[in-house]
Structure formats: structure tokens, C-alpha cells
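Asks: Here it is, the structure in full.
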Amino acid sequence: MKYCTKCGNKLSNETVACTQCGYNPNAPKPTGQNNYLLNELSQRIYVDSIIGIISGVLQLSSGIFCIAGIINIILAIKEMNYSKEIVKNPTGIVKRYKPVTIPIIVLVYNLIFGGIIGAAASIYQLAIIRAFVMENRKAFDAMQ
Ligand SMILES: [Zn+2]
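Heads up, the sequence shown is in my numbering, so the first residue is 87 and it goes up one at a time.
This is how it looks when you write it as C-alpha cells:
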């Protein structure tokens with residue numbers, strides 16, 4: 087019997103990748119270039135989550151856009167966790183950021199129900215995060 091070094095899950099001796107968190111100690115370590123790309127992406131996602139929290143708080147305190155504010159804060163907290171997770175488990179990044187439908191729906195939703203301030207995080211996500219992922223698409227696709 088062995089244990090996952092990342093999450094402590096019990097593993098049978100033949101298991102390569104952890105059945106709970108997916109960590110694989112034998113997977114190739116990211117190269118310097120990959121580390122740079124992941125840290126840069128993680129930072130941009132973190133900044134976006136801060137923008138989301140600030141706009142959510144402003145929406146809440148406006149007294150008009152409260153529901154949009156609560157939704158934006160919840161999404162921003164998830165995004166903040168994701169910014170840390172992505173460095174450890176850089177899979178599915180292109181798949182996540184390539185589609186523009188959801189950020190555009192969130193953007194339109196915010197413009198209607200959240201005021202112009204609510205659109206800031208969506209615009210940042212499309213212009214700063216998505217653009218970075220698509221620019222380095224091949225490298226992100228190759229990360230496992
Ligand atoms: Zn694990």
C-alpha cells in the first residue's frame with residue numbers, strides 16, 4: 087500500500103496516477119518555459135478574481151445590482167481558487183478559455199443586471215486571459 091504524496095489518498099501499488107486528485111509523480115515536470123506561462127496565467131486569473139470581487143462589492147453597495155454582485159463574488163472566489171489549482175494541475179486550459187460564449191453571456195448579463203462596473207471582469211477575462219491562452223495555445227495544449 088502506498089499513499090498519494092499530494093492528497094494522501096490510499097493507492098494500490100500498481101496505481102500510477104492518484105485516483106482521487108489525478109497527481110502523477112512520474113509525469114514530466116514542467117519546463118522553465120511552461121513554468122513561466124503557468125505563473126503568468128495564474129497571475130492574470132488572480133487579478134481577474136480581484137476585479138470580480140471589487141465589482142461585486144461595488145454592485146452590492148449600490149443597492150441596485152445586489153444579485154449580480156453576489157453572483158460575481160461567488161464566481162470570483164471560484165476563480166481565485168482556480169488560479170492556484172492551475173499551477174499544480176495544468177490540464178484543460180485551452181478547452182476552458184477557448185469558447186467565448188460563456189464570458190459573453192456573463193458580460194451581457196452584467197451590462198443588463200449589474201451595470202457597467204460588472205462587465206470589467208468579463209472584459210479582462212476575454213482581452214487579457216483568453217488572448218494569452220490562445221497566443222500560447224500549443225504550449226498549454228501540451229501540458230498534462
Ligand atoms: Zn492524490
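Heads up, the beta-carbon is just placed ideally off N, CA and C, and yes, glycines get one too. All values derive from a computational prediction rather than experimental measurement.
At a cut of 8 Å, does the region 133-146 reach the region 165-178 through at least three beta carbon pairs?
Replies: Short answer: they touch.
Asks: I153 and F199 - do their beta-carbons sit closer together than 8 Å?
Replies: Cβ atoms of F199 and I153: closer than 8 Å.
Asks: On the CB-based measure, 16 or more other CB atoms within 10 Å of its CB, does N125 come out buried or exposed?
Replies: So N125 counts as exposed.
Asks: Residues in the same chain with beta-carbon distance under 8 Å from I215, minus the five sequence neighbours each way, listed in chain order, please.
Replies: Closer than 8 Å at the Cβ level, and outside the excluded window around I215, lie L127, R130, I131, D134, Y183.
Asks: Leaving out five residues before and five after N110 in sequence, what residues of the same chain have Cβ atoms less than 8 Å from its Cβ?
Replies: Excluding residues within five positions, the ones whose Cβ falls inside 8 Å are V102, A103, C104.
Asks: Let me check one thing: in DSSP terms, what residues is L231 bridge-paired to?
Replies: Given that the chain is displayed from residue 87 to residue 230, the structure contains no residue 231 and the question cannot be resolved.
Asks: Which residues, in chain order, sit with a beta-carbon under 6 Å away from any heavy atom of ligand 1?
Replies: The filter returns C90, K92, C93, N95, C104, Q106, C107, Y109, in chain order.
Asks: Please classify G118 as buried or exposed, where buried requires at least 16 other C-beta atoms within 10 Å of its C-beta.
Replies: Exposed is the call here.
Asks: If you reduce the DSSP assignment to three classes, tell me which class S112 lands in.
Replies: Checking the sequence, you will find Asn at residue 112 rather than Ser. Coil, per DSSP.
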